[in-house]
């Protein structure tokens with residue numbers, strides 16, 4: 011249960027990105043670079059450690075993390091936000107396929123049921139924004155989902171390594187990749203505040219919680235539970251700006267949330283029965 015709560019807390023922090031990004035008048039790659047640098051510093055402060063002589067597993071995890079955040083930023087630039095999110099959150103399918111082969115974690119029929127229901131719910135939720143065009147952006151969205159799934163499996167597979175080290179290294183890589191675009195925009199007080207919050211809280215603190223949770227849950231849980239994140243984005247916008255989600259979007263959100271709750275309760279019941 012503790013792992014589930016940590017994952018939910020991480021998802022809530024991730025979901026603040028859509029609102030905070032409105033404060034920043036800088037290119038997407040510049041935002042990605044600045045927030046990743048701040049996130050790396052935040053994680054090093056929270057853990058009071060600096061990764062030293064990382065092994066190949068840690069470097070691989072870092073590269074996959076950098077690929078996740080960078081490709082998602084590019085996807086949101088070249089396709090709709092709905093496409094980018096739905097394509098990234100196809101990750102549970104990839105994790106279900108990878109976790110059995112790599113981690114020897116058994117994927118049950120109820121797991122596949124949860125994956126299908128969540129994807130249906132997300133498609134309904136973002137129905138108005140989904141398009142078939144923007145092929146490059148859609149490919150980047152698919153790449154982001156593949157990187158995210160591979161990163162989760164990689165972090166889960168680490169033995170004798172700290173997953174947070176991989177995330178710190180990944181943030182440093184992402185910061186370096188986006189560095190040429192950092193000065194492309196207006197760095198006024200609003201932008202500085204937005205990037206500071208994005209890096210320290212929305213990315214840094216969230217992944218501190220996420221890397222603590224990953225050892226307590228299965229790889230599939232580590233991607234199924236955080237799917238509540240894109241559903242919370244419009245909630246913050248509604249509370250802050252009064253933009254009410256449509257009835258169709260609400261239906262999709264209910265399907266996703268109900269599936270996540272059902273999956274968490276069923277997993278808890280199985281854990282208690284096995285104890």
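In our numbering, the protein residues as written are 11 to 285. Ideal Cβ positions, reconstructed from N, Cα and C, are used throughout, including at glycine. Remember, it's a predicted structure, so these values are computed and weren't measured experimentally.
Secondary structure of residue 196 (DSSP, three-state): strand. Non-local C-beta neighbours of residue 132 in its own chain, meaning closer than 8 angstroms and more than five positions away in sequence, comprise 95, 96, 99, 237, 240, 262 and 266, ordered along the chain.
Taking C-beta atoms as the reference points, residue 53 and residue 205 fail to come closer than 8 angstroms. Residue 114 sits exposed, since fewer than 16 C-beta atoms from the chains shown fall within 10 Å of its C-beta. With fewer than three CB-CB distances shorter than 8 angstroms, the stretch 220-238 does not count as touching the stretch 63-76.
For residue 36, the beta-bridge partners assigned by DSSP are 195. For secondary structure counted as the alpha helix (DSSP H) over 4 or more consecutive residues, the stretch 54-103 holds these complete runs in sequence order: 66-88 and 91-98. In the DSSP assignment, residue 231 falls within the alpha helix (DSSP H) that extends over 229-234. By the Cβ rule, the stretch 143-153 does not count as touching the stretch 35-45, because fewer than three pairs are nearer than 8 angstroms. Where residue 121 is concerned, the enclosing alpha helix (DSSP H) starts and stops at 119-135. Per DSSP, reduced to three states, the secondary structure at residue 138 is coil, with no helix or strand assignment. Annotation: residue 214 is outside any alpha helix (DSSP H) and is labelled neither H nor E by DSSP. Annotated as proximal: residue 167 and residue 112, with beta-carbon spacing under 8 angstroms.
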